[in-house]
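Engineer: Protein chains in written order, with the numbering used here: chain A, 1 to 376; chain B, 377 to 665.
So that we are looking at the same thing, I have put the structure below in structure tokens.
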Amino acid sequence: MSIFDRRPRLRWTVPAAAGALVVAGALVGTVGVSADAGLPARTPQELLVALQTAEPTPLSGTVEATTDLGLPELPGMGGPHAATGPTSLISGSNTLRVWSDGPERGRVAMIGSSDEYDIVRNGDDVWTWSSADRAADHYVLPAADHAAGLDEAAAGMTLPSTPQEAADLVLASLDESTDVATSGVGSVAGRPVYELILTPRQADTRVARVAIAVDAETSVPLRVQVFSTQMADPAVEIGFTSVDFSQPDAALFEFAPPPGATVTEHSSADMAKDSAAAEGSGPGADAKPTVVGTGWSQVVIIALPADAMAGLANGEQDDTAAQAMALLQSLPETSGPWGSGRVVDGTLGSVILTDDGRVAIGAVGPETLGAALAAQ
Amino acid sequence: MSASDQAARVTLDRPSVVGASFRLLRSELRLIVGRRRNQAGLLVLAAVPILVAVAIKFSAPRDGGGGASFLAQAASNGIFVALGALTIEIALFLPLAVAVLSGDAIAGEANLGTLRYLLTVPVHRTRLLVIKYASLVVGALIGVTVVAATGLVIGGLLFGLGPVTLLSGDQIPLVNGLARLGLAVLYLTAGLAALAAIGLLVSVLTEQPIAAMIAVTIVSTAMWILDSIPQLSWLHPWLLVHYWPAFADVFREPMFLEQIGRGLLVALAYVVVFGGLAWARFGQKDVTS
């Protein structure tokens, strides 16, 4: 006779205790271990130096990227059955697996529910692989200029996909318009980190602050959060959920397209030609962008070539142009002393496309864009 | 009774108790497999991969091909029919099968008036409940295996089998691919086993098997609906079904076990809590029918 047979009501304590244990375990898991008090204090300047001089560390880990830019839904993008690819990063939550072994060997895999998009770099070779399209693209970087070539190859990557890339992007734009502080220590992916807080000094920007969590031991950025003035949750958050600093398997960086895949070769000469063509047809050739303001409240104004707008308006174009036009028509209208146009009002910035073919873009609200347009 | 006497008794009793439990489990499984409605259910489970594979075979190939689902890859390798069928059936048919089995487990016996006779067998109620639960888990394993195996056979017949291209673009020998399919089957069985724990609780609470089946179906369907609402993302990690589609992660190189690990933890939590509730209720229940 066990006690549960003599007093059957006591049996309820077992599932109750199990439930309490589950909830407690989950809370400990999400909140994480409290910040390690044993870490020596570091000034923001020390952290900045550590970030910029950190040796590239071999690592592998899982990254969670959440983006809420407040952009309108684009036709043909997102949805449960869309193929996973670089554009998936523009909205919603994405899981990425990251492996890195020095600056020249790395792999990023974007995890879809039943597909995957990979970018593999091994020295001069860069492969991209989309399992949904069964398509592999091979880029050979010009030997002289690795970094620039990689940018070219990853031109499709409109958003940074690792905390390191995001941190580089932010650090590159640091100047006297930014207040740099540290909020002490915390914990990301189970590791103690220092938090670096960058706060814009200008009031009219939509970026409230940027928080970078720097690993205490290796100085690798483990999480970047960009907060908007429009909402409490971070508008962009890229951070490791787990990370391991041991040497990844070298085979991970050697990609061979599987039989049956569509393989497209892009030589470095092609890539140079492509980028030249893009510059020629782009707005850059005849209209230099105008920059109004400084620092975070900078507004960039680009005048579109007249025929681009006319072509769109005529509607005698392919599907893509028709879709773009439909998207444009769906945007809210706005007007001011500068004229009238359409506006995209995002969480971290906004864009105004005027009816006379100017595009103003900045990490500011539409009012500031309007003022900049009027001043031009 | 001295301590050594007691130890001797325990060692004497154990083989007979274990043997009795096994006999009970075997007769329980024979009951499950022997029921006409369960056999018909298995046929339905097996029909889905066949239907899907035939439809893909005889539909005109779309240009460009591809798509983010396993079925889009089916034409290249039959093993993807099995994976695609699992993706389809885990949403409704497999949970439905578990619901039917768990409705029969306790509530069905109570409804037929056989539960009280079952309790006269010299087996402790706790052990009886564990055996009932074990039979549900085996039933779930049979269901998932039938789906995967039928998909594999029909996919192999229509599209052929060969080295498997993983989602990450690596190619592995067919044998390894089959082993990974086996892992996916086991993972989904673990998920369904957690649903069966909920089913066991409902089955203990009611004497109407239909009520229990409907309740379990509603629970699993409601979880899928909640899981598809992005505004409720804070709730998703708590939902049993949230990590089920992660079975696809064994088809990445190297295998991505983070989501699967979390899915197993959530399943374990459901088993412990709901199994515990069922045990607490069943232990003090007055069985009158």
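In this text, a Cβ means the ideal position worked out from N, Cα and C, and glycines have one as well.
Give the straight-line distance between the Cα atoms of M157 (chain A) and L557 (chain B), rounded to the nearest whole angstrom.
Structural biologist: At M157 (chain A) the pLDDT is 45, less than 50, meaning the model places this residue with poor confidence; the figure from the coordinates comes in the next sentence. Going by the C-alpha atoms only, they are around 33 Å apart.
Engineer: Along the chain, where does the beta strand (DSSP E) that runs through N94 (chain A) open and close?
Structural biologist: G92 to D101
Engineer: Please classify M631 (chain B) as buried or exposed, where buried requires at least 16 other C-beta atoms within 10 Å of its C-beta.
Structural biologist: exposed
Engineer: If the cut is a Cβ gap below 7 Å, which residues of chain B does L119 (chain A) touch?
Structural biologist: In the sequence on display, residue 119 (chain A) carries Ile and not Leu. Chain B residues near I119 (chain A): none, gap ~11 Å exceeds 7 Å.
Engineer: To which residues of the same chain is G70 (chain A) closer than 6 Å at the C-beta, ignoring the five residues directly before and after it?
Structural biologist: By the criterion of a C-beta distance shorter than 6 Å, G70 (chain A) is surrounded in its chain by G346 and T347, once the five residues flanking it on both sides are discounted.
Engineer: For a quick check, are the C-beta atoms of L373 (chain A) and A363 (chain A) less than 9 Å apart?
Structural biologist: Contact: no.
Engineer: At a Cβ threshold of 9 Å, is S335 (chain A) touching chain B?
Structural biologist: no
Engineer: Short of 7 Å in beta carbon distance, which residues of its chain neighbour E265 (chain A), apart from the five on each side in sequence? Order them along the chain.
Structural biologist: H138
Engineer: Report whether the distance from the Cβ of L196 (chain A) to the nearest heavy atom of the ligand GTP is below 8 Å.
Structural biologist: Absent from the structure shown: the ligand GTP. Ligands present: none.
Engineer: How is T502 (chain B) classed by DSSP in three states: helix, strand or coil?
Structural biologist: helix
Engineer: Could you tell me which whole alpha helix (DSSP H) segments of length 4 or greater appear in the stretch 584–623 of chain B?
Structural biologist: Taken in chain order, the complete alpha helix (DSSP H) segments of 4 residues or longer contained in the stretch 584–623 of chain B are 585–603.
Engineer: Taking all protein chains shown into account, decide if F650 (chain B) is buried (16 or more other Cβ within 10 angstroms of its Cβ) or exposed.
Structural biologist: Burial call: buried.
Engineer: Using only the alpha-carbon positions, how far apart do E367 (chain A) and P234 (chain A) sit?
Structural biologist: In a straight line, the C-alpha of E367 (chain A) is about 23 Å away from that of P234 (chain A).
Engineer: Determine whether the Cβ of W655 (chain B) lies closer than 9 Å to any Cβ atom of chain A.
Structural biologist: yes
Engineer: Taking 9 Å as the threshold (beta carbon to beta carbon), is T95 (chain A) in contact with chain B?
Structural biologist: At least one CB atom of chain B sits nearer than 9 Å to the CB of T95 (chain A).
Engineer: Identify the contact partners of Q607 (chain B) in chain A, using a Cβ-Cβ distance below 7 Å as the criterion.
Structural biologist: Within 7 Å Cβ-Cβ: nothing; Q607 (chain B) doesn't reach chain A, min ~12 Å.
Engineer: Is there a Cβ from chain A that is less than 9 Å from the Cβ of Q449 (chain B)?
Structural biologist: yes
Engineer: Chain D partners of S544 (chain B), CB-CB under 8 Å?
Structural biologist: The question asks about chain D, but that chain is absent: this structure's protein chains are A and B.
Engineer: Which residues bound the alpha helix (DSSP H) around T53 (chain A)?
Structural biologist: Looking at the DSSP string, the run of the alpha helix (DSSP H) that includes T53 (chain A) is P44 to T53.
Engineer: Measure the alpha-carbon distance for V648 (chain B) versus T565 (chain B) and round it to whole angstroms.
Structural biologist: 16 Å
Engineer: I'd like to know whether the C-beta atoms of A645 (chain B) and L576 (chain B) end up nearer to each other than 9 Å.
Structural biologist: Result no, Cβ atoms of A645 (chain B) and L576 (chain B) do not sit closer than 9 Å.
Engineer: Go through its chain and collect everything with a Cβ distance to A473 (chain B)'s Cβ below 6 Å, but skip five positions before and after it.
Structural biologist: G417 and G519
Engineer: Under DSSP, the alpha helix (DSSP H) around P471 (chain B) begins and ends at which residues?
Structural biologist: P471 (chain B) -> alpha helix (DSSP H) spans F469 to G479.
Engineer: So which residues on chain A does V648 (chain B) lean against when the C-beta distance must stay under 7 Å?
Structural biologist: A18, listed in chain order.
Engineer: Do L616 (chain B) and A643 (chain B) have their CB atoms nearer than 9 Å?
Structural biologist: yes
Engineer: A166 (chain A): which of A:E116, A:D125 and A:P221 sits nearest, CA to CA?
Structural biologist: A:P221 is the residue among A:E116, A:D125 and A:P221 whose C-alpha sits nearest the C-alpha of A166 (chain A).
Engineer: Would you mind working out which of B:R628, B:V393, B:A570 and B:L633 sits nearest W614 (chain B), comparing C-alpha positions?
Structural biologist: The option with the nearest alpha carbon to W614 (chain B) is B:A570.
Engineer: Under 9 Å between beta-carbons, which chain A residues line up against G652 (chain B)? List them in chain order, please.
Structural biologist: R11, W12, V14, P15, A16, A17, A18 and G19
Engineer: Residues bridged to G106 (chain A) by DSSP?
Structural biologist: A:S100 and A:R121
Engineer: Assign R358 (chain A) to one of three DSSP states: helix, strand, or coil.
Structural biologist: Three-state result, R358 (chain A): strand.
Engineer: Mark V170 (chain A) as exposed unless 16 or more other C-beta atoms lie within 10 angstroms of its C-beta, in which case mark it buried.
Structural biologist: buried
Engineer: Going along chain A in order, which residues have a C-beta closer than 8 Å to the C-beta of T463 (chain B)?
Structural biologist: S114
Engineer: Name the residue from B:L470, B:A656 and B:L401 whose alpha carbon lies nearest to the alpha carbon of V523 (chain B).
Structural biologist: B:L470
Engineer: Counting Cβ pairs closer than 8 Å, one from the stretch 413–433 of chain B and one from the stretch 452–464 of chain B, do we hit at least three?
Structural biologist: yes
Engineer: Closer than 7 Å by beta-carbon distance: list the chain B residues that pair up with T62 (chain A), in chain order.
Structural biologist: E634
Engineer: Tell me whether the beta-carbon of T128 (chain A) lies closer than 9 Å to the beta-carbon of I111 (chain A).
Structural biologist: no
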